[in-house]
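Numbering (our numbering), first residue to last: 5 to 146. A virtual CB, placed ideally from N, CA and C, is assigned to each residue, including glycine. The structure appears right after this line, and notes come after that.
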């Protein structure tokens with residue numbers, strides 16, 4: 005397995021814990037969202053806590069984002085492009101695929117909140133990817 009894959013997963017995993025969930029906490033503190041961060045409610049089908057499920061999927065999206073950025077030769081403006089990727093791509097997938105599959109329906113009014121929370125994840129993965137040296141490691145090189 006190429007070196008960048010587990011590092012991208014770890015960067016995405018930690019981005020959820022250190023950026024995504026704190027942003028959800030800020031929104032909760034200001035009564036913008038009703039749910040608190042770091043939820044411990046079991047998520048089907050495995051029954052893992054919400055924070056662990058979100059972190060796992062953050063890791064998967066970390067791999068996807070790094071792969072897309074590498075394939076599209078994104079080399080400048082990485083911090084704001086990471087925020088936009090998280091804010092737009094992850095939110096659209098949540099709104100149009102994940103929520104309907106979970107029976108929550110389509111609610112486009114949730115886009116601004118999703119953009120803030122997932123954009124924070126994007127900023128987090130940029131921070132951790134830089135810490136891990138992932139912007140210098142190309143999937144093509146391994």
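Is it right to say residue i is buried, meaning 16 or more other beta carbons lie within 10 angstroms of its own, or is it exposed?
i	result
residue 36	exposed
residue 84	exposed
residue 107	exposed
residue 58	buried
residue 138	buried
residue 121	buried
residue 112	exposed
residue 44	exposed
Suppose you measure from the CA of residue i to the CA of residue j; what does that come to, to the nearest Å?
i	j	result
residue 60	residue 99	19 Å
residue 102	residue 135	30 Å
residue 77	residue 70	10 Å
residue 56	residue 25	11 Å
residue 131	residue 79	15 Å
residue 52	residue 114	25 Å
residue 49	residue 105	13 Å
residue 82	residue 38	32 Å
residue 34	residue 92	23 Å
residue 46	residue 75	36 Å
residue 125	residue 18	9 Å
residue 9	residue 32	33 Å
residue 145	residue 29	Its pLDDT being 45, under 50, residue 145 is placed unreliably by the model, and nothing is read from it.
residue 42	residue 7	29 Å
residue 5	residue 72	18 Å
Look at residue i and residue j and say whether their C-beta atoms are less than 7 Å apart.
i	j	result
residue 133	residue 40	no
residue 62	residue 90	no
residue 87	residue 27	no
residue 66	residue 13	yes
residue 95	residue 109	no
Nearest to residue i by alpha carbon, out of the options?
i	options	result
residue 129	38, 68 and 30	68
residue 54	79, 34 and 20	20
>> What ranges does the alpha helix (DSSP H) occupy inside the region 55 to 123, keeping only unbroken runs of at least 4 residues that lie completely in it?
In response: 82 to 88
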